[in-house]
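In the working numbering, the protein residues as written are 9 to 443.
Ideal placement from N, C-alpha and C gives every residue a C-beta, glycine not left out.
The model shown is predicted, which means the values in this text are computed figures rather than measured ones.
Worksheet for the structure shown next.
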């Protein structure tokens with residue numbers, strides 16, 4: 009089993025050592041709360057996005073996707089309320105001059121312990137920039153703090169081109185930016201992050217029904233990818249917690265090493281966003297039901313998750329330490345859909361013609377799966393490395409393979425090995441991976 013006392017430290021160390029996540033700008037001393045995703049991390053993050061897209065778009069006929077711009081008219085953020093209300097209450101410590109979010113420190117400076125704090129003042133979390141060569145108020149733009157608004161302002165475009173009708177959804181995966189004052193806990197809270205959001209447009213009155221539906225669907229997505237159910241909970245917001253646009257919100261929370269933390273939010277946004285953009289733009293953002301002659305502004309249910317935060321909990325949930333053959337090993341028991349490499353091809357020797365045959369085996373699988381190829385060190389050490397980075401299957405090509413045209417497949421979780429003909433290899437790999 010994985011240790012619980014220093015689990016976070018062990019996972020962070022593994023991420024750096026094996027190439028999942030690096031501190032950004034490290035050779036310059038780093039840049040606070042920004043991270044670069046290395047060879048394995050970029051693969052896993054892509055797999056997280058793909059798994060979400062598969063569940064939310066590919067396997068459904070009522071959801072379509074878009075990819076909206078990061079920069080957009082500042083009028084969008086005025087209409088949505090972000091310019092006026094997307095703020096954190098900040099206080100300064102008069103003793104050590106550190107700045108903190110008032111709602112997170114309970115009246116005491118975490119740095120020096122002083123209670124001599126300034127009055128709270130609002131700080132807008134959006135990054136401001138300027139479009140064009142002149143830094144003037146007329147050229148102000150914002151890096152988007154969420155992907156949702158791009159879906160709302162494209163509602164009519166999608167409605168007309170996709171020929172969908174409520175209930176239907178618009179999904180998007182992309183970068184968002186928030187000027188967080190107190191980022192931290194590795195990639196849990198960062199200023200640059202990746203969101204996976206879907207706006208599900210429903211007839212007025214159907215919001216509560218679809219809200220319950222999406223709460224269950226989204227919980228099932230995490231458990232279906234290997235997160236233990238006891239590590240998750242659904243927490244409904246109290247009335248005083250609700251955002252200005254929400255008539256009901258629930259957070260899927262995960263039991264992080266430091267306590268329960270938000271993983272994903274599911275919100276009933278009502279018709280707030282469409283009505284706001286209709287008012288500010290002068291366009292009617294409505295749906296006309298030709299069958300009934302009814303015209304209405306749809307209500308919206310929004311499941312909004314973070315790709316980087318999801319990747320983090322998949323790593324935490326899959327990290328284990330056990331003993332195999334009397335030797336300790338670290339293993340990431342990642343779901344095959346999430347594992348950076350699905351298969352590793354390991355020739356028993358670097359001598360020809362074994363390498364040539366191994367490359368041929370690799371060539372059979374690479375068109376369909378992300379594979380690793382490793383011919384250095386002992387086979388035992390190579391197995392341990394693949395276990396530690398979460399590779400579900402390892403294929404060993406040995407000298408007998410030259411005679412019987414078969415290879416040995418080793419299972420990451422059970423460490424069991426079996427012989428498979430090379431001709432049947434692709435089919436057998438897919439069968440075992442369950443893909």
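Residue i - containing alpha helix (DSSP H), residue span
| i | result |
| --- | --- |
| residue 303 | Not the alpha helix (DSSP H): residue 303 falls in the beta strand (DSSP E), residues 302-304. |
| residue 364 | 362-373 |
| residue 283 | 280-289 |
| residue 395 | 387-396 |
| residue 97 | Premise fails: residue 97 lies in the beta strand (DSSP E), 95-100, not in any alpha helix (DSSP H). |
| residue 446 | Absent from the model: residue 446. The displayed extent of the chain is 9 to 443, so no value can be given. |
| residue 87 | 82-88 |
Other residues of its chain near residue i: CB distance less than 7 angstroms, five sequence neighbours each side excluded
| i | result |
| --- | --- |
| residue 237 | 231 |
| residue 419 | 401 |
| residue 47 | 27 |
| residue 430 | 369, 413, 414, 415 |
| residue 207 | 156, 159, 160, 177, 178, 308, 310 |
| residue 372 | 433, 434 |
Spatially closest choice to residue i from the options, by CA coordinates
| i | options | result |
| --- | --- | --- |
| residue 102 | 88, 109, 428, 117 | 117 |
| residue 337 | 300, 301, 395, 366 | 395 |
| residue 59 | 421, 342, 354, 430 | 342 |
| residue 163 | 67, 397, 76 | 76 |
| residue 263 | 212, 225, 73, 318 | 318 |
| residue 243 | 306, 220, 67 | 220 |
| residue 255 | 235, 266, 279, 297 | 279 |
| residue 18 | 194, 202, 348 | 194 |
| residue 476 | 334, 180, 387, 202 | The displayed coordinates of the chain run from 9 to 443. Any statement about residue 476 would go beyond what the structure contains. |
| residue 57 | 363, 205, 425, 127 | 205 |
| residue 154 | 142, 47, 183, 137 | 183 |
| residue 311 | 384, 367, 223 | 223 |
| residue 284 | 22, 61, 157, 436 | 157 |
| residue 186 | 78, 382, 20, 346 | 78 |
| residue 332 | 422, 35, 115 | 422 |
| residue 288 | 22, 82, 96, 129 | 82 |
| residue 44 | 213, 29, 35 | 29 |
| residue 290 | 84, 54, 72 | 84 |
| residue 362 | 411, 439, 209, 152 | 411 |
| residue 354 | 35, 391, 404 | 404 |
| residue 398 | 439, 408, 351 | 351 |
| residue 292 | 298, 305, 62 | 305 |
| residue 64 | 367, 52, 225, 114 | 225 |
| residue 249 | 35, 89, 111, 199 | 111 |
| residue 444 | 152, 218, 217 | Residue coverage of the chain in this structure runs from 9 to 443, which leaves residue 444 outside it and unanswerable. |
Span of the beta strand (DSSP E), counted from its first residue to its last, around residue i
| i | result |
| --- | --- |
| residue 429 | 425-429 |
| residue 150 | 148-150 |
| residue 126 | Run containing residue 126: none; DSSP gives neither H nor E here. |
| residue 177 | 176-185 |
| residue 381 | 379-381 |
| residue 30 | 29-31 |
| residue 449 | The chain is shown from 9 up to 443; residue 449 falls before or after that span and cannot be answered. |
| residue 401 | 401-405 |
| residue 137 | 136-138 |
| residue 107 | 107-109 |
| residue 345 | Counting along the chain, residue 345 falls outside any beta strand (DSSP E), and DSSP gives it neither H nor E. |
Same chain, Cβ closer than 6 angstroms to residue i, neighbours up to 5 away in sequence not counted
| i | result |
| --- | --- |
| residue 406 | 356 |
| residue 376 | none |
| residue 296 | 303 |
| residue 119 | 104, 106 |
| residue 425 | 416, 418 |
| residue 20 | 194 |
| residue 137 | 149 |
heavy atom of the ligand NAD below 7 angstroms from residue i C-beta
| i | result |
| --- | --- |
| residue 283 | Ligands in the displayed structure: none, and consequently the ligand NAD is not present. |
Same chain only: Cβ atoms within 8 angstroms of residue i, ignoring 5 sequence neighbours per side
| i | result |
| --- | --- |
| residue 38 | 31, 32 |
| residue 107 | 98, 99, 100, 101, 189 |
| residue 235 | 262, 321, 322, 325 |
| residue 70 | 172, 175, 176, 177 |
| residue 240 | 227, 230, 231, 260, 261, 262, 263, 271 |
| residue 9 | Summary for residue 9: the model assigns pLDDT 47, below 50, so the residue's position carries little reliability; its value from the coordinates is reported in the next sentence. 328, 329, 330, listed in sequence order. |
| residue 15 | 265, 324, 327 |
| residue 432 | none |
| residue 212 | 279, 304, 305, 306, 307 |
Integer Cβ distance of residue i from residue j, believed to fall under 8 angstroms
| i | j | result |
| --- | --- | --- |
| residue 147 | residue 139 | 5 angstroms |
| residue 166 | residue 74 | 7 angstroms |
| residue 385 | residue 349 | Their Cβ separation, rounded to whole angstroms, is 17 angstroms, which puts residue 385 and residue 349 out of contact at 8 angstroms. |
| residue 315 | residue 168 | Their Cβ separation, rounded to whole angstroms, is 29 angstroms, which puts residue 315 and residue 168 out of contact at 8 angstroms. |
| residue 282 | residue 344 | Not quite, the Cβ-Cβ distance comes to about 40 angstroms (not below 8 angstroms), so this is no contact. |
| residue 257 | residue 267 | The pair is not a contact, with the Cβ atoms about 20 angstroms apart (cut-off 8 angstroms). |
Within-8 angstroms CB hit, residue i to chain B
| i | result |
| --- | --- |
| residue 296 | Given the protein chain composition of this structure (a single chain), no chain B is represented. |
- Query: Which runs of the alpha helix (DSSP H) spanning at least 4 residues fall entirely within the segment 191-276, listed in chain order?
  - Reply: Counting whole runs of 4 or more residues, the segment 191-276 contains the alpha helix (DSSP H) stretches 215-232.
- Task: Please specify which runs of the alpha helix (DSSP H), each continuous and at least 4 residues long, are wholly inside the segment 33-70, giving them in chain order.
- Result: 47-61, all fully within the segment 33-70.
- Message: Suppose only complete runs of 3+ residues qualify. What are the beta strand (DSSP E) ranges in the segment 294-340, listed by chain order?
- Response: 295-297, 302-304, 307-314, 327-332, 335-340
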